[in-house]
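Reading through the structure tokens given below for one structure.
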Amino acid sequence: SSHQSGCLLSPTAAVSRGSVYSEMKRVARLCGAFPETALRARRLLEKRARGSETSIRKGHEFDAAPLLAYLHPLVGSPKEPGDVRIGQFSHGQSNPTFTVRWDGGAVVVRKKPKGALLRGAHDVAREHAFASHLRPLGVPTPVARALCEDRAVLGTDFWVYDYVQGRHFTDLYLQAAPPADRPALFASAAAVTARLHGAPPPVALVDRLGGAPKRGYLGRQVRTWTKQFGAADERLGEATAERVVAHAEALRSTSEAEGGDVDETRVAPDTLVVAHGDLRTDNMIFDASGSDVVALLDWELAALGHPLGDLAYLVLPYAIPPLPVGPLSGFKGLTPHRDTDVPLRKKCGP
590 SSHQSGCLLS PTAAVSRGSV YSEMKRVARL CGAFPETALR ARRLLEKRAR GSETSIRKGH
650 EFDAAPLLAY LHPLVGSPKE PGDVRIGQFS HGQSNPTFTV RWDGGAVVVR KKPKGALLRG
710 AHDVAREHAF ASHLRPLGVP TPVARALCED RAVLGTDFWV YDYVQGRHFT DLYLQAAPPA
770 DRPALFASAA AVTARLHGAP PPVALVDRLG GAPKRGYLGR QVRTWTKQFG AADERLGEAT
830 AERVVAHAEA LRSTSEAEGG DVDETRVAPD TLVVAHGDLR TDNMIFDASG SDVVALLDWE
890 LAALGHPLGD LAYLVLPYAI PPLPVGPLSG FKGLTPHRDT DVPLRKKCGP
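Under this note's numbering, read the sequence shown as residues 590 to 939, first letter to last.
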């Protein structure tokens, strides 16, 4: 997962990435052999996990007064801390994300983390740009209110958008939804993906991103993440494990040698497409009483790219087994019955 790639550097990290890599492969093999057991373990751990919204967690505290002073003229929220409730989302946020609620309203504040960051990581201004430019084209991004680059307010840059009411599923199995609803929810996820890729990015957004890309999307992605991973290891004072380096090199060579069919500079030189970069159902908000996607979230990894990258993310669960922890998990090896009912391919349609 991109969110686990070491963009936020921790000086206390002591576990070798090589040993973690080996252990992850071993766990994946076991889950592939016993997929339904792995799914039950995942559900057990999810029941013990904290809720989707918590109080502000240790290490993320901030003085609320400057933020409320900033928000008051922007969205009409109260100035006094006693008149608002500030919470923090717990799920999958590499950029700390907070709610500010008051009687009659709510907004979301999404900021860069504190501390030493790798170059280009956690770019909230980029997120704000995608949300602002794509919503008028019919892509259901949240309503962007403002981008604040005044670090006197929260210590780091942040952007503000309207809180979106609806259903948010933190697991790709949509366990909180009735089984009969799941095919429609997955169909809506596919439909919003098509809507995103069918919306040509406006010139202002292309200019904001530095113009049309000169290289193919997949090659750029592999090069960027290989560089970021190595830089994170260097800053942590350790050498990247040999087998991790070998894996990255294999990915890079494959994307360059065989990626012509998903290279936007070769396939569609006159057509630019926005690739979300982390397209999963847990980055979507669904209508509270229906199946429509009312908000597509987490634009941190968005870029001008190729739609097949997003499509691969969306269908990835069909290629991997359930995993007990982490953002990645899948349906592979599962059979439907009353204890492990999941939206399998035959239930969701083609």
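Positions of the beta carbon are idealized from the N, C-alpha and C atoms, including for glycine. In this text the structure is predicted, and so the values were computed from the model without any measurement.
8 Å Cβ cutoff met for residue i and residue j
i: ASP867; j: ASP887; result: yes
i: LEU761; j: ASP876; result: no
i: PHE920; j: TYR902; result: no
i: ARG690; j: VAL664; result: no
i: VAL753; j: ARG734; result: no
i: CYS620; j: PRO911; result: yes
i: VAL862; j: HIS757; result: no
i: THR759; j: LEU885; result: no
i: VAL728; j: ARG784; result: yes
i: ALA751; j: CYS737; result: For the sequence presented, residue 751 should be read as Asp rather than Ala. The answer is no: Cβ separation not under 8 Å.
i: GLY922; j: LEU807; result: no
i: SER918; j: ARG631; result: yes
i: GLU642; j: SER666; result: no
Coil, strand or helix - residue i by DSSP
i: PRO814; result: Residue 814 is actually Trp in this sequence, not Pro. If DSSP states are grouped into helix, strand and coil, TRP814 belongs with the helices.
i: TYR762; result: coil
i: PRO695; result: Note that residue 695 corresponds to Ala in the displayed sequence, not to Pro. ALA695: strand per DSSP, three-state reduction.
i: GLY621; result: helix
i: THR626; result: helix
i: GLY898; result: helix
i: PHE920; result: coil
i: LEU868; result: coil
i: LYS614; result: helix
i: VAL713; result: helix
i: GLU642; result: strand
i: LEU886; result: coil
i: TYR806; result: helix
i: TYR752; result: coil
i: ASP850; result: Only weak support is given to the placement of ASP850: the predicted model assigns it a pLDDT of 49, under 50, and the value that follows is read from those uncertain coordinates. Looking at ASP850 - three-state DSSP - the assignment turns out to be helix.
i: GLY671; result: helix
i: ALA892; result: strand
i: VAL834; result: helix
i: LYS904; result: A quick correction: the sequence has Val, not Lys, at residue 904. Note: VAL904 maps to helix in three-state DSSP.
Endpoints, beta strand (DSSP E) assigned at residue i
i: ASP796; result: Counting along the chain, ASP796 falls outside any beta strand (DSSP E), though it belongs to the alpha helix (DSSP H) covering 792–797.
i: ARG734; result: 733–737
i: ILE874; result: 873–875
Boundaries of the alpha helix (DSSP H) in which residue i is found, first to last residue
i: VAL664; result: 653–664
i: LEU566; result: In the structure displayed, the chain extends from 590 to 939; residue 566 sits before or after that span and is not available.
i: LEU743; result: 740–743
I want to know whether the region 791–805 touches the region 767–782 - three or more CB-CB distances under 8 Å. no
Taking contact to mean 3 or more Cβ pairs, one atom from each stretch, closer than 8 Å, check whether the region 638–654 and the region 680–699 are in contact. yes
Quick check: the region 654–661 against the region 709–723, are there 3 or more CB pairs under 8 Å? no
Counting Cβ pairs closer than 8 Å, one from the region 762–776 and one from the region 715–733, do we hit at least three? no
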